[in-house]
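The numbering of the sequence shown is this note's numbering, which starts it at 12 and goes up by one.
C-beta atoms are modelled at their ideal positions from N, C-alpha and C, and glycine is treated no differently.
Read the structure below first, then the notes.
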Amino acid sequence: MPADQQTVLDEILLSDLYNDPYPIYRRLRAQAPVAWVPAANRYLVTRYDDIVHLERNPEIFSANEHGSLMTRIMGHTLLRKDGDAHRRERAAAEAPMRPRTVKHHWLPLFQRNADDLIDEFAGDGTADLFQQFAGPLAARNLALVLGLRDALDTDMQRWSQAMMDGGGNYADDPVVWQRADTAAAEIDDAVYAAVRHARRQPDESVISAMVHAPDPLTIDEIRANVKVFVGGGLNEPRDSICVATWAVLTHPTIRAEVEADPARWRAVFEEAIRWVAPIGMYPREVTRTVELGGVTLEPGSRIGVCLGSANRDETVFERPDEFDINRANKAHIAFGGGPHFCLGTWVARAQVAQVALPTLFRRLPGLRLSDTEEVRLGGWVFRGLLNLPVSWTV
Ligand code: HEM
């Protein structure tokens, strides 16, 4: 690589990626689609086609990253396993996530949760939907799906944040480890109680499915995998609810279209997660010498798979920075690809596209952005709104 180009890569700061990764991704896609970025301590892969290719070759691009901080916090979860070991654990968790179960069992419960939360603030005329709706709704729905019967919304949100912060604690901050360890111990207690309950009384939950699977998971496997659900099944629905709501509030023609035809909420959801992928980057590790995007990667090379960039690849999506629910139907990859393709896609679609978005716009007449506070966005590993202040007519 030319020296001046490496200098440009040396100058990429994590804080710039956090604030707005998209101009950086655009440059990387054009000039260095597989780029060693020192600040990230890995090669960032930014083109759509390269990501699709690596997900089709999981034996070369392994999910089992050595020295994974996520594994340190959670134990060895299905998300960091390959091949048969991964398939076995995934199969044990699959039944509650199937479209039929979601439609007949979870959907009415998600609707009840959304209505209960909106009941609490509908009379106020103003709210921060991030704090008062999207976060608690995603937490409550996830606790239900997992079978963590006594977990409070606040517990779930604190645990989830602690798992994510621990998994990204490259600065080795002892306070972050402490919080993650405390959360992990509390999740373990909740899991033990849920497993005892599921043994006596099987139900539709993920924990019950893991206990009663044809090839049941051990208690250690359940403890680890529940943590990956807690760390990975809350912020994405929350962030997609906020980004989609914000997008509709700032695009009046789309708002008119979707209010006239509620079936279009599904397109709003899919476009929202293309536009701002809630999981912007995830890791892989190279197992043998391979060429990708013109770069030779040696075994042990650490990769950052930048979904946030692939979803804005101009060779795949026209006008990629625009939010447009009528764009030509190209598949976004916000749910990943390959063997680790998101297990919670139907749970996410149901709670966001079928429940949260239509219910908000139906129950809060004249919903609009509040003019008292700016909407803030942040993140590149996980990206979303940090607040969503709104008002409506009461
Ligand atoms: C908008 C919502 C969501 C998005 C965009 C999303 C995105 C993703 C992505 C990109 C992956 C792959 C990560 C990797 O390969 O490293 C993934 C995996 C996973 N997701 Fe989601 N997710 C969402 C919602 C959910 C929900 C609601 C749940 C649980 C109820 C969930 C559970 C999981 C699990 C268990 C995996 C690991 C699958 C495996 O390793 O086989 N996700 N998700």
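Residue burial classification, residue 404 (beta-carbon count within 10 angstroms, cutoff 16): exposed
Backbone CA spacing between residue 272 and residue 365 [nearest angstrom]: 13 Å
The alpha helix (DSSP H) enclosing residue 316, as first and last residue numbers: Residue 316 -> not in any alpha helix (DSSP H); beta strand (DSSP E) instead, spanning 313–316.
Closest Cα partner of residue 400 within the set 392, 384, 391, 388: 384
Where residue 334 falls: helix, strand or coil (DSSP): coil
Counterpart residues of residue 47 in DSSP-defined beta bridges: 54
Contacting residues, own chain, Cβ-Cβ under 7 Å from residue 124 (five flanking each side not counted): 148, 151, 152
Cβ-heavy atom distance, residue 159 to ligand 1, below 7 Å: no
Cβ pair residue 276, residue 368 closer than 8 Å: yes
Inter-stretch contact at 8 Å, needing at least 3 Cβ pairs: the stretch 74–85 / the stretch 321–332: no
Distance cut-off 7 Å: residue 366 Cβ against heavy atoms of ligand 1: no
Residue 61 vs residue 303 beta-carbon contact at 8 Å: yes
Unbroken alpha helix (DSSP H) run spanning residue 247, endpoints: 246–260
Environment of residue 334 [buried if 16+ CB atoms lie within 10 Å]: buried
Near ligand 1: residue 396 beta-carbon under 7 Å from a heavy atom: no
At least 3 beta-carbon pairs within less than 8 Å: the stretch 334–353 vs the stretch 228–237: no
Residue 90 beta carbon near ligand 1 (any heavy atom closer than 7 Å): yes
Those residues which DSSP pairs with residue 349 across a bridge: In DSSP, residue 349 forms no bridge with anything.
Environment of residue 24 [buried if 16+ CB atoms lie within 10 Å]: exposed
Residue burial classification, residue 307 (beta-carbon count within 10 angstroms, cutoff 16): exposed
Environment of residue 352 [buried if 16+ CB atoms lie within 10 Å]: exposed
For residue 259 and residue 280, the rounded distance between their alpha carbons: 10 Å
Close-in-space but distant-in-sequence residues of the same chain around residue 343 (CB under 6 Å, 5 per side omitted): 285, 322
Straight-line Cα distance separating residue 126 from residue 83: 38 Å
Environment of residue 191 [buried if 16+ CB atoms lie within 10 Å]: buried
Status (buried if at least 16 other CB within 10 Å, exposed otherwise) for residue 182: exposed
Cβ distance (whole Å) where residue 312 is taken to contact residue 39 below 8 Å: About 17 Å; that fails the 8 Å criterion.
Close Cβ partners of residue 109 (< 8 Å) along its chain, the five nearest in sequence each way excluded: 357
Cα-Cα separation, residue 376 to residue 361: 22 Å
Spatial neighbours of residue 72 in its chain, beta-carbon cut-off 7 Å, leaving aside the 5 residues before and after: 65, 295, 297, 314
Span of the alpha helix (DSSP H), counted from its first residue to its last, around residue 169: 164–178
Any non-hydrogen atom of ligand 1 within 7 Å of residue 358 CB: yes
First through last residue of the beta strand (DSSP E) which encompasses residue 294: 293–297
C-beta contact flag for residue 56 and residue 316 at 8 Å: yes
Spatial distance of residue 396 from residue 289 (CA atoms): 10 Å
Residue 163 classed as buried or exposed, judged by whether at least 16 other C-beta atoms fall within 10 angstroms: exposed
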